[in-house]
Structure formats: structure tokens, C-alpha cells
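Each residue of the sequence shown is one higher than the one before, starting from 91 at the first, in the numbering used here. What follows is one structure encoded as C-alpha cells, with my remarks underneath.
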Amino acid sequence: MDPILLLKVVILGVVEGFTEFLPISSTGHLILVGDLLDFNDERGKAFEVIIQFGAILAVCWEFREKLLKVVFSATKSATSRRFILNLLIASVPAMGLGFVFGKHIKAVLFSPIPVAAAFILGALIIFWAERRQEKNSTVNSRIHSVDDLSYLDALKVGIAQCAALIPGTSRSGATIIGGMLFGLPRGVATEFSFFLAIPVIGGATAYELLKLWKNPIVISSEFTVAIAIGFVVAFISAFVCVRWLIHYVAHHNFIPFAWYRIVFGLLVLITSYSGLIAWSH
91 MDPILLLKVV ILGVVEGFTE FLPISSTGHL ILVGDLLDFN DERGKAFEVI
141 IQFGAILAVC WEFREKLLKV VFSATKSATS RRFILNLLIA SVPAMGLGFV
191 FGKHIKAVLF SPIPVAAAFI LGALIIFWAE RRQEKNSTVN SRIHSVDDLS
241 YLDALKVGIA QCAALIPGTS RSGATIIGGM LFGLPRGVAT EFSFFLAIPV
291 IGGATAYELL KLWKNPIVIS SEFTVAIAIG FVVAFISAFV CVRWLIHYVA
341 HHNFIPFAWY RIVFGLLVLI TSYSGLIAWS H
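Right, here's the structure in full:
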């Protein structure tokens, strides 16, 4: 394999793994880093979508006991059935809108400047959500775990997730912060976001593979190896991130991520308008 290509796929794999479950937008980071690495063509975009599944497998492994319990008890346990239905209900809005408007959104918004603007706007929403949660008046007292979520709770989170169709917003950010705004405790919103990533990103990956199955770029031997390496790197880095985030949300809020989003977004805008970096448009 070309060593330059190897370096690019490792960098992108690390970026995907460490940003997928944080409220800072993995898609936004991949667009920006892919642009800097000149890996934003058709091949690069396919790579970015496919390696996301490596991050999803990290969640499956971390929560394997919970997932296996749900699967094997689904026919007997009402709680397990409700959990599965909640994931399906929360997945439908974003997947439906993505199927209908996905091409248009990619054509218009998948570039660094719109991503930077979404970074900053998302930060302001995080500040708002955290301020409301600090007052504790909006937290639903009946919800202590993901098993306590009703179908309506799941639908609300699913609607919030639709905002993630805008690159730079963050799927995890939309579901976690949206869940908090709808009254979910921070820890429950974060854990439900982990589980919701499985059908949503898994479906997006399967759809992308189906579209590109006959594309000679994707099925070439070199690019297949590149995808495999990026997949493994994304899995490892995502596993580390998920473990860390579970402990982080138990004692901290998301304000630092909001400041990060503002600094990062402003940096992209400043370098663009000053001409320091010729970001694509």
C-alpha cells in the first residue's frame, strides 16, 4: 500500500473513533480533515461512511451484555421489547429524511464553511441545554435508565437526531443534547445515544455499501485494505472514547465541548477568510 494513503486512513480512522460519540461531530471533523489531506473525493467519502461501522462495533462490544440480554429475552420481556421498539422509533425520522434529502444535503452543506457555522451554532445550543439541566427543573424524575424511556421519549430523541443531517451538528450531540432538552438525565441521554448509533449508522453504512458495490474504486484491492485498516483503527479509538465518556458524564457536563466547537469553528472561518487555508467550497 502507498504509505501516504496508509497515513491518511490511519489519521481518519483515529478522527472517526474519537469524535463519533462526542458532541463535536465526527462527520464535520472527517470533512475538514479529509479536505486537509486531499482525501475528499468519491473514494474518500465512501471510506468515511464505511469506517463508521468500526466505531459502532466498539459500542456493541462495550455493551455486549446488555445487547445480548435484550436479544435473547425479547420474546419474554416487555422491557426488552420496548427497548428494541424505542431504537426503531428513534431511528425512523432521521433515516427517512436522510433517504429523501441526503443527496441535496451533501451537495449543499458538505463543505468546510457550512460545517464551521454548524459547529458554532451547536455550541450555543449546548450552553442552553446545560443551563436548563443545571436548574434541574426540566429533568424527568421517572427516568433513571434507558429502560425507563417511553415510546414518546424515543420519538422526541429521534426528531432531535434529524438535526444531525446537517454536517457539523453531530449525531451524538443532537441526540444527547436533544434528549436533555426533552427532560432526559445527561447519563441516560448519552447511553441512549450510544445504542441509537447502532441502527442509524449501521443502516447508513449498509446503504453506502449497496450503492458502491459495483464501483471499481471501492472493490480494488488497495482500497479494500485501506478500509480494513481504517475500520480497525476506528474501532480501537472509539472503544477508548466510549469508555472514557461513560465515566466523564457521571461527573461533568458538556460545556468544554461547546467551547471546543466554538474555537474549532472560528479557526476554520478565520483560516478560510484570511486565505491561510484554501478550504474547498
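No residue lacks a Cβ here, since even glycine has one placed at the ideal position from N, Cα and C.
Margin query: So for Lys166, helix, strand or coil by DSSP?
Written below: As a position in the sequence shown, residue 166 is number 76, starting the count at 1. In the displayed model, Lys166 falls within coil according to three-state DSSP, outside both helix and strand.
Margin query: Between which residues of its own chain and Tyr350 is the CB-CB distance below 7 angstroms, once the five residues before and five after are set aside?
Written below: In the sequence shown, the residue the question calls residue 350 occupies position 260. Ile114, listed in sequence order.
Next item on the list: State the DSSP-derived secondary structure class of Gly192, mapped to helix, strand or coil.
Entry: Counted from its first residue, the sequence shown places residue 192 at position 102. Helix at Gly192.
Next item on the list: Can you grab the Cα-Cα spacing for the pair Ile216 / Ile267, in whole Å?
Entry: Working through the sequence shown from its first residue, we reach residue 216 at position 126. Working through the sequence shown from its first residue, we reach residue 267 at position 177. One C-alpha to the other measures close to 6 angstroms.
Notebook entry, point to check: How many angstroms separate the CA atom of Ile288 from the CA atom of Ser362?
Noted result: Residue mapping note: residue 288 aligns to position 198 of the sequence shown, counting from 1. Residue mapping note: residue 362 aligns to position 272 of the sequence shown, counting from 1. Cα to Cα, the separation comes out at about 35 angstroms.
Check: Gly263 and Leu112: beta carbons closer than 9 angstroms?
Finding: As a first step, residue 263 is located in the sequence shown; it is residue number 173 there, counting from the start. As a first step, residue 112 is located in the sequence shown; it is residue number 22 there, counting from the start. Cβ atoms of Gly263 and Leu112: closer than 9 angstroms.
Next item on the list: Identify, in the order they occur along the chain, each residue of the same chain with its Cβ nearer than 7 angstroms to the Cβ of Phe329, setting aside the five sequence neighbours on each side.
Entry: Against the sequence shown, residue 329 aligns to sequence position 239. Here Phe329 has Ala148, Trp151 and Glu152 as same chain residues with Cβ atoms under 7 angstroms from its own Cβ, once five neighbours each way along the sequence are excluded.
Check: Do the CB positions of Ile352 and Gly258 come within less than 9 angstroms of each other?
Finding: The sequence position of residue 352 within the sequence shown is 262, counting from 1. The sequence position of residue 258 within the sequence shown is 168, counting from 1. No, these two residues do not count as a Cβ contact at 9 angstroms.
Next item on the list: Could you say which of Glu220, Ala180, Val139 and Phe189 lies nearest to Leu239 if we only look at CA atoms?
Entry: Numbered from its first residue, the sequence shown carries residue 239 at position 149. Taking the Cα of Leu239 as reference, the smallest distance to any Cα among Glu220, Ala180, Val139 and Phe189 is reached at Ala180.
Next item on the list: Excluding the 5 residues preceding and the 5 following Ala250 in the sequence, name in chain order all residues of the same chain whose CB lies nearer than 8 angstroms to its CB.
Entry: Taking the first residue of the sequence shown as position 1, residue 250 is located at position 160. Cβ within range, chain order: Ala264, Thr265, Ile267, Gly268, Gly269, Leu271 and Phe272.
Next item on the list: Might you give, ordered along the chain, the residues of its own chain that have their beta carbon closer than 7 angstroms to the beta carbon of Ala340, omitting 5 neighbours on each side?
Entry: Position 250 of the sequence shown holds residue 340. Gly277.
Notebook entry, point to check: Pairing CB atoms from the segment 97-106 with CB atoms from the segment 313-323, are three or more of them under 8 angstroms?
Noted result: Three or more beta-carbon pairs drawn from the segment 97-106 and the segment 313-323 are found closer than 8 angstroms, and the two stretches are therefore classed as touching.
Item checked: Option in Gly355, Glu281, Ile141 and Met185 with minimal Cα separation from Phe290 -> Start at 1 with the first residue of the sequence shown, and residue 290 comes out as number 200. It should be noted that the sequence gives Val, not Phe, for residue 290. Here the closest residue by C-alpha is Met185.
Item checked: CB contact flag (Ala316, Leu95, <9 angstroms) -> Stepping through the sequence shown from its first residue, residue 316 is reached at position 226. Stepping through the sequence shown from its first residue, residue 95 is reached at position 5. In this structure, Ala316 lies near Leu95, with their beta-carbon atoms less than 9 angstroms apart.
Check: Taking the C-alpha atoms as reference points, what is the distance between Pro183 and Tyr241?
Finding: Position 93 of the sequence shown, counted from the start, is the residue given in the question as residue 183. Position 151 of the sequence shown, counted from the start, is the residue given in the question as residue 241. Those two C-alpha atoms are separated by around 13 angstroms.
Notebook entry, point to check: Given that a residue counts as buried once 16 or more other Cβ atoms are within 10 Å of its Cβ, and exposed if not, what is Phe129?
Noted result: For this step, residue 129 is matched to residue 39 along the sequence shown. With 16 or more other Cβ atoms within 10 Å, it is buried.
Check: Would you report the Cα separation of Trp369 and Ser235, rounded to the nearest angstrom?
Finding: Taking the first residue of the sequence shown as 1, we reach residue 369 at position 279. Taking the first residue of the sequence shown as 1, we reach residue 235 at position 145. Their backbone Cα atoms lie some 43 angstroms apart in a straight line.
Next item on the list: Going by CA-CA distance only, name the one from Leu97, Val161, Arg333 and Ile360 that's closest to Glu281.
Entry: Locating residue 281 in the sequence shown gives position 191, counting from the first residue. When only C-alpha atoms are compared, the closest one is Arg333.
Note to self: If I follow the unbroken alpha helix (DSSP H) through Cys252, where does it start and stop?
What the structure shows: The sequence position of residue 252 within the sequence shown is 162, counting from 1. No alpha helix (DSSP H) holds Cys252; DSSP gives it neither H nor E.
Next item on the list: Along the alpha helix (DSSP H) that carries Trp349, what are the first and last residues, could you check?
Entry: By one-based count along the sequence shown, residue 349 stands at place 259. Start and end: Ile345 to Tyr363.
Check: Which whole-angstrom value is the C-beta distance of Ala145 and Ala294, which I expect to be below 8 angstroms?
Finding: One-based indexing of the sequence shown puts residue 145 at position 55. One-based indexing of the sequence shown puts residue 294 at position 204. About 12 angstroms separates the beta carbons of Ala145 and Ala294, which is beyond the 8 angstroms limit, so they are not a contact pair.
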